[in-house]
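Take the sequence shown: its letters are residues 1 to 107, numbered as in UniProt numbering.
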Amino acid sequence: MPQPHEIIFKTLADPTRRAIFERLCRDGDQTVAALTARAGVSQPAVSKHLGVLKQAGLVRDRHEGRNTHYSAELGALAPLIDWTNQMAGFWQSRFDNLEDLLKRMDQ
């Protein structure tokens, strides 16, 4: 079973999908038609990307009449932020050890 951060990485690895998610983060609530107008791909392709984003928990949808509005779920990025913080701590300790070694070698 993949870890939550792995699902997010896999979902956002596609550049078109990532651009759609970034647009929702930046511009807020958007209809499929509005997203398609600037996505550079067909409406069925945008809908498919939105489905993958929704399955990963990165977007939610809201039906209003005949239109479906999508918005970003920023809280869904929490596993990615946690993983990034863990990796930052890991690398910081490695760089600290390297710095100590280089200082000892200079003496």
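For glycine and all other residues, C-beta sits at the position ideal for the given N, C-alpha and C.
N-terminal and C-terminal residue of the alpha helix (DSSP H) that residue i is part of
i: R26; result: 15 to 27
i: L77; result: From DSSP, L77 is part of no alpha helix (DSSP H); its letter is neither H nor E.
i: V32; result: 32 to 39
i: P2; result: From DSSP, P2 is part of no alpha helix (DSSP H); its letter is neither H nor E.
Top-ranked residue by Cα proximity to residue i, from the options
i: K48; options: D82, D29, A78, F21; result: F21
Helix, strand or coil at residue i [DSSP, three-state]
i: A72; result: strand
i: V59; result: strand
Beta-carbon spacing of residue i, residue j below 7 angstroms
i: W91; j: H5; result: no
i: V32; j: T68; result: yes
i: Y70; j: Q43; result: no
Close Cβ partners of residue i (< 6 angstroms) along its chain, the five nearest in sequence each way excluded
i: A45; result: none
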